[in-house]
Amino acid sequence: MFIGSKLKALRELNGYTRKDLSVQIGVTEQAVWQYETENVMPKIEILNALQQIFNVDMAFLVSGNAPKHVVHEAKIAFRTTDRSSRKKTKLRSSLFRFCRWFNQLL
Numbered sequence: 372m373f374i375g376s377k378l379k380a381l382r383e384l385n386g387y388t389r390k391d392l393s394v395q396i397g398v399t400e401q402a403v404w405q406y407e408t409e410n411v412m413p414k415i416e417i418l419n420a421l422q423q424i425f426n427v428d429m430a431f432l433v434s435g436n437a438p439k440h441v442v443h444e445a446k447i448a449f450r451t452t453d454r455s456s457r458k459k460t461k462l463r464s465s466l467f468r469f470c471r472w473f474n475q476l477l
């Protein structure tokens, strides 16, 4: 599992702002914040870019532990252009809860 606090420490030690790092790895500043707070796990391409920028081993940024918590979809920031995505997420979440409930009945 990705360790966001290590990314934050590396970023600060190297004098990068979230904006600076986001430009270098090709994501938004909000994405960097989500990586640091462990709300989102970066894709492998982003992990490779971080590894090269900070000259660290992948093992330093990633551990083999399971996720500590699952983020509720209401805590995820959506832009207004992504309202349809949020509706889809809510629908899938409801469907998942229904299927889990239905399986418990069987």
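Position in the sequence shown (first residue = 1) + 371 = this note's numbering.
Note that the Cβ used here is the ideal one computed from N, Cα and C, for glycine as well.
- Is the stretch 378-397 close to the stretch 418-428, with three or more CB pairs under 8 Å? Touching, yes, given that three or more Cβ pairs across the two stretches are closer than 8 Å.
- What residue does the alpha helix (DSSP H) around N419 start on, and which one ends it? That run of the alpha helix (DSSP H) goes 415-425.
- If you follow the alpha helix (DSSP H) that V403 is part of, which residue opens it and which one closes it? For V403, the enclosing alpha helix (DSSP H) covers residues 400-407.
- Query: Alpha carbon to alpha carbon, how far is T460 from R468?
  - Reply: Taking the straight line joining both Cα atoms gives about 12 Å.
- Roughly how far, in whole angstroms, is the beta-carbon of F425 from the beta-carbon of N385, given that I think they are within contact range, below 8 Å? That belief holds up - the Cβ atoms of F425 and N385 are roughly 7 Å apart, short of 8 Å.
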